[in-house]
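Residue numbers (this note's numbering), protein chains in the order written: chain A, 10 to 165; chain B, 23 to 139. Note that the Cβ used here is the ideal one computed from N, Cα and C, for glycine as well. Quantities reported herein were computed from a predicted structural model and do not represent experimental measurements. A short worksheet on the structure shown next.
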Amino acid sequence: MTSPTAPATHGSFTLERHFNAKPARVFAAFSDMNARARWFVGPPGWKEMERSLDFRKGGSEVTIGQWPDGKQSNFQARFEEIVPDQRIVFTYNMYISDWHISVSLNTVELFADGSGTKMIFTEHTTFINGFDDPGAAGRKEGSEGLLDRLAAFLDG
Amino acid sequence: MLNHQALVTLLFQALADPTRRQFVERLSIGPASVSELAQPTGLTLPAVMQHLQILEASGLVRSEKSGRVRMCQLQLQALAPAEEWIGARRANWQHHFDRLDAYLAETQPDDEKGSQE
Numbered sequence: 010m011t012s013p014t015a016p017a018t019h020g021s022f023t024l025e026r027h028f029n030a031k032p033a034r035v036f037a038a039f040s041d042m043n044a045r046a047r048w049f050v051g052p053p054g055w056k057e058m059e060r061s062l063d064f065r066k067g068g069s070e071v072t073i074g075q076w077p078d079g080k081q082s083n084f085q086a087r088f089e090e091i092v093p094d095q096r097i098v099f100t101y102n103m104y105i106s107d108w109h110i111s112v113s114l115n116t117v118e119l120f121a122d123g124s125g126t127k128m129i130f131t132e133h134t135t136f137i138n139g140f141d142d143p144g145a146a147g148r149k150e151g152s153e154g155l156l157d158r159l160a161a162f163l164d165g
Numbered sequence: 023m024l025n026h027q028a029l030v031t032l033l034f035q036a037l038a039d040p041t042r043r044q045f046v047e048r049l050s051i052g053p054a055s056v057s058e059l060a061q062p063t064g065l066t067l068p069a070v071m072q073h074l075q076i077l078e079a080s081g082l083v084r085s086e087k088s089g090r091v092r093m094c095q096l097q098l099q100a101l102a103p104a105e106e107w108i109g110a111r112r113a114n115w116q117h118h119f120d121r122l123d124a125y126l127a128e129t130q131p132d133d134e135k136g137s138q139e
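Quick look at the structure:
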């Protein structure tokens, strides 16, 4: 599955969400490990194997879990910048078992919005080693090649 | 994203044909007229128009009459649905934030209650 020779693919997205909670509570849901464990989990059937959170600049977060098929999801993050109740910048490496699939740079921004919070979440990712999303069932080899060409084309 | 699958299907259908890919490659350099697109292919104008219709249906190409010439232009944003990897990653975070939303509702302190619209 690992294809070190496959070209890297790049992607970015931004999500905007409103939460019915003040920025401090939303921030705490990121900074507190027990809170984090309540929502930062895999889909049904995913079992938590290991979790740690050292929420400070330069600190790291690890979340490892197992899917029903035995494969492990391994999330390894590092906090690059933290402004309490306002902003979290972190980087993370994602592994599926031993397969290193991506490196990402993420920013969480929190803004007071009425009695709640507006969150802007941005991710820039480099997909490596021929990552082909295991959730996208039925992907044919032909369309993989096509996607590679599309991606290369998009990157100019 | 309700129409995501349908869009991806249209995009792949549009790009499944080598002539249409040739058009897309040409248009990636800049806009071109229908006859400019047709010339290197040696195809008849109706055949070229048929390919263009499929490209237009997928949203990849837009054409516009400019005087007596029909100009075609690539719509790069139409390729976005084909970027499944980043789409899957985005969906993954959305699921996390759905759960965060539920968690925040479950743990809402009393002083926050009632202050909501």
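Using a Cβ-Cβ cut-off of 8 angstroms, residue 130 (chain A) counts as an interface residue toward chain B, since at least one Cβ of chain B sits closer than that to its own. Selection A:21, A:27, A:20 and A:16 evaluated against residue 121 (chain A) yields A:27 as nearest (Cα-Cα). In this structure, residue 96 (chain B) sits away from residue 37 (chain B), with a CB-CB distance that is not shorter than 8 angstroms. Under DSSP, residue 86 (chain A) forms a beta bridge with A:70 and A:101. Using beta-carbon distances, residue 117 (chain B) counts as an interface residue toward chain A, with a partner under 8 angstroms. Nearest in C-alpha terms to residue 131 (chain B), of all of A:62, A:34 and A:79, is A:34.
Here residue 32 (chain A) is buried. Its C-beta has 16 or more other C-beta atoms within 10 Å. Less than 8 angstroms separates the beta-carbon of residue 71 (chain A) from that of residue 61 (chain A). Residue 59 (chain A): member of the beta strand (DSSP E) spanning 56 to 62, first to last residue. Look at the segment 22 to 36 of chain A: the residues with a C-beta under 8 angstroms from a C-beta of chain B are 22, 24, 26, 28, 29, 30, 31, 34 and 35.
By the Cβ test, the segment 73 to 93 of chain A is in contact with the segment 101 to 115 of chain A, since at least three Cβ pairs between them sit closer than 8 angstroms.
In the DSSP assignment, residue 119 (chain A) falls within the unbroken beta strand (DSSP E) covering 108 to 122. Under the three-state reduction of DSSP output, residue 25 (chain A) falls in the strand class. For residue 134 (chain A), the chain B residues whose Cβ falls inside 7 angstroms of its Cβ are 108 and 111, in order along the chain.
As far as DSSP is concerned, residue 44 (chain A) takes part in no beta bridge. Apart from sequence neighbours up to five positions away, the residues of its chain that approach residue 82 (chain B) with a beta-carbon distance below 8 angstroms are 33, 36, 37, 46, 96, 97, 100 and 101, ordered along the chain. Put simply, the CB of residue 49 (chain A) is near chain B, with a gap under 8 angstroms to one of its CB atoms.
If you compare the alpha carbons of B:94, B:78 and B:68 with that of residue 51 (chain B), the shortest gap goes to B:94. Taken atom to atom, the span from the alpha-carbon of residue 132 (chain A) to that of residue 65 (chain A) is near 20 angstroms.
Below 8 angstroms, enough C-beta pairs join the segment 108 to 122 of chain B and the segment 18 to 25 of chain A to call them touching: three or more. The C-alpha of residue 67 (chain B) lies about 50 angstroms from the C-alpha of residue 108 (chain A). Nearest CB-CB separation between residue 53 (chain A) and chain B: not below the 8 angstroms threshold. Annotation: the continuous beta strand (DSSP E) that includes residue 130 (chain A) extends over 125 to 136.
Burial check for residue 124 (chain A): the Cβ neighbour count within 10 Å stays below 16, so the residue is exposed. For residue 108 (chain B) and residue 133 (chain B), the gap between their C-alpha atoms comes out near 39 angstroms. Per DSSP, the beta bridge partners of residue 55 (chain B) are B:93. Linking residue 75 (chain B) to residue 84 (chain B) through their CA atoms gives a straight-line distance of about 9 angstroms. In the three-state DSSP reduction, residue 50 (chain A) falls in the coil class, being neither helix nor strand. Closest in alpha carbon position to residue 126 (chain A), among A:38, A:52, A:55 and A:16, is A:38.
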